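Take a look at the structure set out below.
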Ligand code: ADP
Ligand code: MG
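In the numbering used here, the protein residues as written are 12 to 269.
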């Protein structure tokens, strides 16, 4: 099982949209996929079609009470795609974890290698607190959604510094699988400029696929279905299919075979 954290400490940059649609695309190609919702807002859980009322145990139980991961996982309406949902009590976990000795390793311990999945995507909250730290400690690699806006690069350097610290202290093997430019608007000269800057600064690290600003992507969550199912032919869905494909080409060969 390859574990991919989807993180960026900025809110509203497309983390959850990326997590939902890449997870759906990977499941559609036959990968046994687990989506872990680490954001107390629970948008990934809702967006995948699991309402708050349907959630019983959650990532809170995994992190704070050390409940076995499989006891908190539920099926979603999408074949091959399971979910470990988030509930609002997760917002307290950050504080409760502080006093615990293995506070950064709780998720890592729960994500045992014998879980029956090929890939696990972890949707992080918009902060660099203990929840995101748990994700980065548990992950093999990191996918960073980056919105093409003026301060994008500043925020990114803070995230990359955090990644270095995590590599030094908690998870020497943490890699970065790529940076995905999101909410790209071709008609806006600023986003174009930012995209060029990010690419010249970070080169190969940036996925070739950019995710356009697309209203279908923002409509889908209110229907409780991934955009990929809500409208599989819209520009946003096509971009996420391309991104998932590109992601697969970046995974090490031995992982793909596993
Ligand atoms: P994050 O998880 O980083 O906070 P979200 O994925 O929840 O970000 O996206 C923030 C908002 O923007 C949501 O309302 C979402 O539906 C919308 N959105 C995300 N990506 C796009 C896009 N490419 N085009 C249009 N709207 C988008
Ligand atoms: Mg989110």
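Cβ coordinates follow ideal geometry from the N, Cα and C atoms, glycine included.
Nothing here was measured: the structure is a model prediction, and the numbers come from that model.
Per-residue burial, residue i [other beta carbons within 10 Å of its own, 16 or more giving buried]
i	result
residue 51	buried
residue 183	exposed
residue 69	buried
residue 76	exposed
residue 88	exposed
residue 215	exposed
residue 269	Confidence at residue 269 is low in this model, with a pLDDT of 48, below 50, so the placement of that residue is unreliable and no value is reported for it.
residue 95	buried
residue 281	Because the chain spans 12 through 269 in this model, residue 281 falls outside it and cannot be assessed.
residue 232	buried
Helix, strand or coil at residue i according to DSSP, with G and I counted as helix
i	result
residue 189	strand
residue 222	strand
residue 20	coil
residue 101	helix
residue 212	helix
residue 14	strand
residue 80	helix
residue 157	strand
residue 143	helix
residue 152	strand
residue 86	strand
residue 93	strand
Proximal residues to residue i (C-beta, below 7 Å), its chain only, five neighbours per side dropped
i	result
residue 236	60
residue 122	14, 80, 131 and 149
residue 31	55, 58, 59 and 237
residue 78	68 and 72
residue 38	44, 89, 90, 91 and 92
residue 105	140, 141 and 142
residue 24	156, 157, 158 and 193
residue 208	164
Start and end residues, alpha helix (DSSP H) containing residue i
i	result
residue 240	238-241
residue 75	70-75
residue 61	Counting along the chain, residue 61 falls outside any alpha helix (DSSP H), and DSSP gives it neither H nor E.
residue 133	Where residue 133 is concerned, there is no enclosing alpha helix (DSSP H), although the beta strand (DSSP E) it sits in stretches over 130-134.
residue 246	246-261
residue 173	163-180
residue 126	Counting along the chain, residue 126 falls outside any alpha helix (DSSP H), and DSSP gives it neither H nor E.
Supposed close pair residue i, residue j - CB separation, criterion 8 Å
i	j	result
residue 136	residue 144	About 11 Å; that fails the 8 Å criterion.
residue 202	residue 250	Residue 202 to residue 250, Cβ: 14 Å. No contact.
residue 164	residue 18	Not confirmed; about 16 Å, so no contact.
residue 247	residue 21	Rounded, the Cβ-Cβ distance is 20 Å, inconsistent with contact.
residue 126	residue 12	6 Å
residue 261	residue 189	6 Å
6 Å CB neighbourhood of residue i in its chain, flanking five on each side removed
i	result
residue 45	93, 128 and 131
residue 229	none
residue 187	153
residue 256	none
Residue i: first and last residue of the uninterrupted beta strand (DSSP E) it sits in
i	result
residue 44	44-48
residue 27	Run containing residue 27: none in the beta strand (DSSP E); it sits in the alpha helix (DSSP H), 26-39.
Minimum Cβ-Cβ distance from residue i to chain B less than 8 Å
i	result
residue 58	Considering every chain present, this structure includes no chain B. It has just one protein chain.
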